[in-house]
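Below: one structure, written as structure tokens.
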Amino acid sequence: MDRLLNVSAGISALLFVIVLVSVRRSRIRAEYSVSWLLATGAMLVLSLARPVLNQVRQVLGLPDTPLAIFLLGSGVFLVVFFRFTTIVSHLRDDNIALAQRVAILEHYIRDLQKE
Amino acid sequence: MRATGPDSLLVIVPAFNEEGAIGEVVRSVRDSVPGVPVLVIDDCSTDNTVAVAQAAGADLLTLPHHLGLGGCVQAGYKLAFELGYEYVIRVDGDGQHIASDIPRVLEKLKETGCEMVIGARTDHDEAWHPGRLRTWGIQFFRWVLRPILGRSVSDPTSGFVGVNRRALALFTRSFPLEYPEIEALVVLQRRRFRFEEIPCKMRPRRTGRSSITAWKSISYIVHVLLGVFVNVLRYERRFHRSGRDSGSGG
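Chains as they are written, first to last, in the working numbering: chain A, -8 to 106; chain B, 943 to 1192.
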């Protein structure tokens, strides 16, 4: 049980550091790092603060702590994935609109050059 | 290339690696509707599609990277709308559509005042041989679309489509990206726009291969089915995202 929480805390801390380093090296834009930092921070707190985890487990009515940490971890990261899916969808829409605009402007430029 | 007159028509031809057929397509359109501009929208082809289309007398809209069929067609619609065209007819770049049917599609658009006219392949067309999976797919989508559209549609997958300016205005804002034909009907229905079909013959594909292979047909059915239901359930605000153009679905 303690080992599971230690592993969970270790992974969360590692992810937290990787995200911070990535932001520092400009691999991730700061605004997109917030979701990861919040998710890994939350997992770190839940893994290290046993009373908090127990409290959450009781509120959710879950029978044991490993299940609670697994479900909470899955839930937190699903929310993060959903957020990034919406961001990617918007970026794709914007990318398509921009590509179409570039093509249309090039068409106008060619027309002007012909004249 | 700006529109002239109240009944201005533009023929658009989305093309991706169609160097073998595009020249003949452009020439046959120009012969069938003399004086009507033909716009080939090149979806970043890696062959000589652009050069062949240009040599045949087409205007060109060249996309900077590959967008897929929906993004490609929507780019043409956007340009046509900006240039003030009243009617746009889409013909595929593979030579399957018969250009002499274009005046019939245009006439139907004018005569009925409906927003879209589909040049529909009929089950009796001997020249058209879709695979078994594709035939089932078409039958399936006829069945799915009937309650959604409130009427039957004989060929929901046809790419031979004419639209008027009202549909053009809608499609510049919202147009399905990957497999647009079926979803576009649902987008129209959401606005209570009307469509009509006229029977048209199709030629077998002249060169190259259809992008929809047998395996892709299954993916096509799943994607389009999802797209149809997403469009049915779509929150209206997405049609009016302020200050930004948007594709949809796909």
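Yeah, the Cβ is synthetic: ideal placement off N, Cα and C, and Gly gets one too.
Review point. Are the region 1110 to 1117 of chain B and the region 1037 to 1051 of chain B in contact at 8 Å, needing three or more beta carbon pairs?
Key: no
**Study point:** B/G962 versus B/V1164 - alpha carbon distance
**Key:** Taking the second sequence and counting its residues from 1, the one referred to as residue 962 of chain B is at position 20. Taking the second sequence and counting its residues from 1, the one referred to as residue 1164 of chain B is at position 222. Looking at the two C-alpha atoms, the distance is approximately 31 Å.
Exercise for review: Could you check how far apart the C-beta atoms of B/Q1038 and A/Q91 are, in whole angstroms? I think they sit under 8 Å.
Suggested key: Within the second sequence, the letter at position 96 stands for residue 1038 of chain B. Within the first sequence, the letter at position 100 stands for residue 91 of chain A. Not a contact, Cβ separation roughly 25 Å.
**Study point:** Sufficient close CB pairs (3 or more, under 8 Å) joining the region 976 to 990 of chain B to the region 1078 to 1086 of chain B
**Key:** no
**Study point:** Residue-level contact to chain B via CB, A/I87, 7 Å cutoff
**Key:** Sequence index remark: in the first sequence, residue 87 of chain A carries index 96 (1-based). Yes, because at least one Cβ of chain B sits closer than 7 Å to the Cβ of A/I87.
Exercise for review: State buried or exposed for A/A59, treating a residue as buried only when at least 16 other CB atoms are found within 10 Å of its CB.
Suggested key: One-based indexing of the first sequence puts residue 59 of chain A at position 68. By the neighbour-count rule (16 or more Cβ atoms within 10 Å), A/A59 is buried.
Exercise for review: Return no unless some Cβ of chain B is closer than 7 Å to the Cβ of A/I95.
Suggested key: Residue numbering aside, residue 95 of chain A sits at position 104 when the first sequence is read from its first letter. Cβ-Cβ to chain B under 7 Å: yes for A/I95.
Exercise for review: Tell me the start and end of each unbroken alpha helix (DSSP H) in the region 1064 to 1111 of chain B that is at least 4 residues and wholly inside, in chain order.
Suggested key: 1074 to 1091
Exercise for review: Could you check if B/Y1233 is buried or exposed, using at least 16 other CB atoms within 10 Å of its CB as the buried criterion?
Suggested key: Residue 1233 of chain B is absent from the structure shown; chain B starts at 943 and stops at 1192.
**Study point:** Short CB-CB distance (under 7 Å) between A/A4 and chain B
**Key:** The residue you call residue 4 of chain A lines up with position 13 of the first sequence. No, its Cβ sits nowhere closer than 7 Å to a Cβ of chain B.
**Study point:** Residues of its chain near B/K955, where Cβ-Cβ distance is below 8 Å and the 5 sequence neighbours each way are ignored
**Key:** Here residue 955 of chain B refers to the residue found at position 13 when the second sequence is read from its first residue. The sequence shown places Val at residue 955 of chain B, rather than the Lys named in the question. Around B/V955: I964, V967, V968, V971, V980, L981, V982, I983, A995, A1000, R1032, V1033, D1034, G1035.
Exercise for review: State yes or no: is the beta carbon of B/H1007 nearer than 7 Å to at least one beta carbon in chain A?
Suggested key: Reading the second sequence from its first residue, position 65 is the one you call residue 1007 of chain B. Chain A, which has a Cβ nearer than 7 Å to the Cβ of B/H1007, makes this yes.
Practice item. Kindly identify the DSSP beta-bridge partner or partners of B/G1061. Key: Here residue 1061 of chain B corresponds to residue number 119 of the second sequence, with the count starting at 1. B/G1061 is bridged to B/I1140.
Practice item. Mind listing the chain A neighbours of B/Q1131? Cutoff is C-beta to C-beta under 9 Å, in chain order. Key: As a first step, residue 1131 of chain B is located in the second sequence; it is residue number 189 there, counting from the start. The contacting residues do not exist; B/Q1131 stays about 22 Å from chain A at best.
Point to revise | B/D984, DSSP secondary structure in three states | key: Against the second sequence, residue 984 of chain B aligns to sequence position 42. Residue state, collapsed to three classes: strand.
**Study point:** Residues of its chain near B/E1125, where Cβ-Cβ distance is below 7 Å and the 5 sequence neighbours each way are ignored
**Key:** Counted from its first residue, the second sequence places residue 1125 of chain B at position 183. Cβ within range, chain order: P1118, V1166, G1169, V1170, N1173, G1191.
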